[in-house]
Amino acid sequence: MKQEFTLSIYSENHVGLLNQVTTVFTRRHINIESLTTSESAIPGIHKFTIVVFTSREQVNKLLLQIEKRIDVIKAYVFTADEIVHQEVALYKVKTESLLNSNEIERLVRQYGARILEVTKEYTVIEKTGHKRETQELFDKLDHFGVQQFVRSGRIAVTKLKDELLSNYLKKLEKEKTLLD
Amino acid sequence: METQTQTTTMEAKEMKQKRMSGSEAVMQSLLHEGVDLLFGYPGGAIMPVYDALYHYQDKLNHILVRHEQGAVHAAQGYARVTGKVGVCFVTSGPGATNAVTGIADAMVDSTPLVVISGQVGSALLGTDAFQETDVVGITQPITKWNYQVKRAEEIPEAIAKAFYIARSGRPGPVLIDITKDAQFAQFDFEYKPVDRVRSYKPKSLINKEKVAEAVQLINLAKKPLALIGQGVVLGSAENELMDFLKKTGIPAAWTLLGLSAMPSDFEQNVGMLGMHGHYGPNVKTNEADLIIAIGMRFDDRVTGNVQKYATNAKVVHLEIDPAEINKIIYADVPVLGDVKDSLPKLTEMVSKNSHEAWLGEFKACDKIENQKIIEPELHPTKEGLTMGEVVRRVTEQYDDDAIVVTDVGQHQMFASRYFKFKQSRSLVTSGGLGTMGFGLPAALGAKLGQPERPVCLFVGDGGFQMTIQELGTIFQTQADVKIILLNNNFLGMVRQWQELFFDRRYASTELVNPDFQTIAKGYGVAGEKVDSRDNLDAAVKRMADHKGAYLLEVVVEKEGNVFPMVPTGASVSEVRLE
Numbered sequence: 001m002k003q004e005f006t007l008s009i010y011s012e013n014h015v016g017l018l019n020q021v022t023t024v025f026t027r028r029h030i031n032i033e034s035l036t037t038s039e040s041a042i043p044g045i046h047k048f049t050i051v052v053f054t055s056r057e058q059v060n061k062l063l064l065q066i067e068k069r070i071d072v073i074k075a076y077v078f079t080a081d082e083i084v085h086q087e088v089a090l091y092k093v094k095t096e097s098l099l100n101s102n103e104i105e106r107l108v109r110q111y112g113a114r115i116l117e118v119t120k121e122y123t124v125i126e127k128t129g130h131k132r133e134t135q136e137l138f139d140k141l142d143h144f145g146v147q148q149f150v151r152s153g154r155i156a157v158t159k160l161k162d163e164l165l166s167n168y169l170k171k172l173e174k175e176k177t178l179l180d
Numbered sequence: 001m002e003t004q005t006q007t008t009t010m011e012a013k014e015m016k017q018k019r020m021s022g023s024e025a026v027m028q029s030l031l032h033e034g035v036d037l038l039f040g041y042p043g044g045a046i047m048p049v050y051d052a053l054y055h056y057q058d059k060l061n062h063i064l065v066r067h068e069q070g071a072v073h074a075a076q077g078y079a080r081v082t083g084k085v086g087v088c089f090v091t092s093g094p095g096a097t098n099a100v101t102g103i104a105d106a107m108v109d110s111t112p113l114v115v116i117s118g119q120v121g122s123a124l125l126g127t128d129a130f131q132e133t134d135v136v137g138i139t140q141p142i143t144k145w146n147y148q149v150k151r152a153e154e155i156p157e158a159i160a161k162a163f164y165i166a167r168s169g170r171p172g173p174v175l176i177d178i179t180k181d182a183q184f185a186q187f188d189f190e191y192k193p194v195d196r197v198r199s200y201k202p203k204s205l206i207n208k209e210k211v212a213e214a215v216q217l218i219n220l221a222k223k224p225l226a227l228i229g230q231g232v233v234l235g236s237a238e239n240e241l242m243d244f245l246k247k248t249g250i251p252a253a254w255t256l257l258g259l260s261a262m263p264s265d266f267e268q269n270v271g272m273l274g275m276h277g278h279y280g281p282n283v284k285t286n287e288a289d290l291i292i293a294i295g296m297r298f299d300d301r302v303t304g305n306v307q308k309y310a311t312n313a314k315v316v317h318l319e320i321d322p323a324e325i326n327k328i329i330y331a332d333v334p335v336l337g338d339v340k341d342s343l344p345k346l347t348e349m350v351s352k353n354s355h356e357a358w359l360g361e362f363k364a365c366d367k368i369e370n371q372k373i374i375e376p377e378l379h380p381t382k383e384g385l386t387m388g389e390v391v392r393r394v395t396e397q398y399d400d401d402a403i404v405v406t407d408v409g410q411h412q413m414f415a416s417r418y419f420k421f422k423q424s425r426s427l428v429t430s431g432g433l434g435t436m437g438f439g440l441p442a443a444l445g446a447k448l449g450q451p452e453r454p455v456c457l458f459v460g461d462g463g464f465q466m467t468i469q470e471l472g473t474i475f476q477t478q479a480d481v482k483i484i485l486l487n488n489n490f491l492g493m494v495r496q497w498q499e500l501f502f503d504r505r506y507a508s509t510e511l512v513n514p515d516f517q518t519i520a521k522g523y524g525v526a527g528e529k530v531d532s533r534d535n536l537d538a539a540v541k542r543m544a545d546h547k548g549a550y551l552l553e554v555v556v557e558k559e560g561n562v563f564p565m566v567p568t569g570a571s572v573s574e575v576r577l578e
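Same order as they appear, the protein sequences are chains A and B.
Residue 71 in full-length UniProt numbering sits at position 71 of the first sequence, and the numbers go up by one each step.
Residue 452 in full-length UniProt numbering sits at position 452 of the second sequence, and the numbers go up by one each step.
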């Protein structure tokens, strides 16, 4: 059964790593729903957050293939209930439509969105939330004409008490010493 | 006193730290890694490296090949017979792209290589400069690791890391791309070998619980079958394997790349798995109640139809690469780690056993296969020579103790079925990628790696012509490679498939060949052509007695087929004998 998974991939911060990670997906014809890269809490370690829609069996194989890349430190897979996740969306509308009725202002309040910039010509609205929420706001705003819409990839942190990566790094160091 | 200590430290530092060019640093780094032989082809972007090599010719024996693909295959042959890392130099652009086939071959067959490619100057990167290609991008999916060096200072560390990654864990090819300006630049050279990379875990500690679970399954099994892969050879675990097999009495079948991991005549050796493997191990796979996979990856040529594979068996999988666990066949008990570490732990704990009746079932299968396939192949009633009888005659000539190198196709399957082995690291073949043209350069590399052992190459008339130019390298190096060309004027394996599955529509498989003896003569390689059984024996003797390379061309049956055969999509138990 296919379902949504969020992958957290930790790697060294080298040129070309994005390509190394994404070719693992393309080679197996798995579509990436969203992708975000940033630094992690540990200096020098980079984090990829990738959302895919696939089967549990396939995603487990995918993880091992990703970890096989030398510069990848560790990859984890989560379902939505195991993480706190968020996306940000930006909507550009004509300022004129904002002024013509109270409806846009009402939507901004109702959805906990905020206005980032207002000029004579356009207004930029920002909303953070889950995809469903940002999409819903888009659908409603679009009645008044959305000139531009963009949504970021998912970012996520785990709900776990223990920090998986730092524990893993400690364990790895211990194992390597034992293997020596 | 203090001053004196300081001076001594400084002197030591000066000894270790010497100012030199990036190119010379490449030479020094290779020497630090114990390299004394390498293969390559010069060109614009790697000329500074070759210039540095000029001063190191007494320490680094560089073999000038005739095509970069040959350099990589030769390095593969060298690596496979020695267990060392094979090294190549290629230039940018076409030099590097010509190396791609060999690198891909080494990746899928886990062969340790370090390929050093020249690159245009860093200021020209991304400008479509002359002979610029994105080599790092191109080789990213077919290397274990690759890296572009743009500053001379990075060279020692990049090379140290390359060797460590290439040979540790599951081995594989590494490519280091060095820009021309980095080759020229001067810096203070210092070499520190690498034995650790934070993001890389070459092998795992053996999990005791998994070992205990595996032992329990092994002790309970009535019909266990061990599958021996190249992991045994790569981990130098041949003795550990024998200890395990002798104590448990379990029948053992080898994969194509597992060949020579145990002696051919070992009584529990039940032969080769897979599409053209032996009858017994194929049909018995579905009767076995336990499969113990040792350093192998369940390639589709081994499993046939996965849904109908090992249907009655639990699976214990001993494997160094975590990504191979459950990739194709679900492992009831995975034992992650180097088989050299895991096998002794299993051996220690398993009960002593023998499986005579079960082994007898394999012997019964052998009888059938002998009668239907092996006897007619070795003692044909038809006039034409068969590939099998030629292979058998050659292995006997060398008392079953030669290194055999093959190209890809029917002759490869005949060589792997009919050649016999006494010691490990005696087979060099292109397994996973199936690269025609692999054989001739790989045989050269094997001979240079093991000059004391006879090296016999079996090659077809198709594959021979894919890298035939390496006869030039053989001539120049005077390498004593015995080339047995099995000539049927056909692309035999494709023709066999056309015969069996495409109603004999022989589309573009018949070859009009040149006179191979004349070509060999032009390259200064002695040889002869044999087309009758009466002359074979003496010709093989003449080849063996000849000092130096020899081309023994044997005209074989035009439409011979390799059997047994597991047709694509069929189960291993549906293996065809005719």
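For every residue, glycine included, the Cβ atom is placed at its ideal position computed from N, Cα and C.
Pop quiz: residue i and residue j are said to be a contact at Cβ under 8 Å. What is the actual Cβ separation, rounded to whole angstroms?
i, j, result
"B:A226", "B:V335", "B:A226 to B:V335, Cβ: 13 Å. No contact."
"B:M436", "B:H276", "The Cβ separation is near 16 Å, so there is no contact."
"B:K482", "B:P454", "7 Å"
"B:G95", "B:S117", "7 Å"
"B:T91", "B:Q131", "7 Å"
"A:Y122", "A:K92", "5 Å"
"B:G560", "B:T386", "6 Å"
"B:I228", "B:S29", "No, B:I228 and B:S29 are not in contact; Cβ-Cβ is about 36 Å, not under 8 Å."
"residue 181 of chain A", "A:S34", "No information on residue 181 of chain A is available, as it lies outside the stretch 1 to 180 that chain A covers here."
Along chain A, in chain order, which residues have C-beta atoms closer than 7 Å to that of residue i?
i, result
"B:S199", "S11, E12, I70, D71, V72 and I73"
Classify residue i as buried or exposed, calling it buried when 16 or more other Cβ atoms lie within 10 Å of its own Cβ.
i, result
"B:Y200", "buried"
"B:G460", "buried"
"B:V35", "buried"
"B:T3", "Confidence at B:T3 is low in this model, with a pLDDT of 49, below 50, so the placement of that residue is unreliable and no value is reported for it."
"B:K340", "buried"
"B:Y330", "exposed"
"B:I325", "buried"
"B:K210", "buried"
"A:L116", "exposed"
"B:T7", "Reliability of the predicted coordinates at B:T7 is poor, the pLDDT of 49 falling under 50, and the value obtained from them is presented with this limitation in mind. The residue in question, B:T7, is exposed, as its Cβ has fewer than 16 Cβ neighbours within 10 Å."
"B:D338", "buried"
"A:E163", "exposed"
"B:A237", "buried"
"B:Y54", "exposed"
"B:S532", "exposed"
"A:V84", "exposed"
"A:K161", "exposed"
Whose Cβ in chain A lies nearer than 8 Å to the Cβ of residue i?
i, result
"B:A323", "K61, L64, Q65, E67 and K68"
"B:V211", "Here the premise fails: no neighbours, minimum Cβ distance about 16 Å."
"B:L205", "E175, L178 and L179"
"B:I165", "I70"
"B:K144", "I70"
"B:R196", "K176"
List, in order along the chain, the chain B residues whose C-beta lies closer than 8 Å to that of residue i?
i, result
"A:G16", "V136, G137 and Q140"
"A:T23", "Q140 and P141"
"A:R27", "P141"
Among all the DSSP beta bridges, which residues are the ones paired with residue i?
i, result
"A:V88", "A:T128"
"B:W145", "B:V174"
"A:A75", "A:I9"
"B:A166", "Paired residues: none, contrary to the question."
"B:R576", "B:M565"
"B:G86", "B:L113"
"A:R69", "Answer is none; A:R69 lacks a bridge partner."
"A:R114", "A:E126"
Could you list which residues in chain B have their beta carbon closer than 9 Å to that of residue i, in chain order?
i, result
"A:Q58", "Per Cβ cutoff of 9 Å: no residues; A:Q58 is ~11 Å from chain B at best."
"A:Q20", "Q140 and P141"
So within the stretch 393 to 480 of chain B, which uninterrupted alpha helix (DSSP H) runs reach at least 4 residues, ignoring any that extend past its ends?
410 to 418, 439 to 449, 461 to 464 and 471 to 477
In chain order, which alpha helix (DSSP H) runs of at least 4 residues are fully inside the UniProt domain "Thiamine pyrophosphate enzyme central" (211 to 346) of chain B?
230 to 234, 238 to 248, 279 to 285 and 300 to 303
Whole alpha helix (DSSP H) runs in the stretch 476 to 543 of chain B with 4 or more residues, listed along the chain?
492 to 501 and 516 to 522
Please give me, in chain order, every unbroken run of the alpha helix (DSSP H) with length at least 4 that falls completely inside the stretch 41 to 83 of chain B.
47 to 54 and 68 to 82
Report the start-end ranges of each alpha helix (DSSP H) in the stretch 352 to 386 of chain B that is 4 residues or longer and not cut off at the edges. 356 to 369 and 375 to 378
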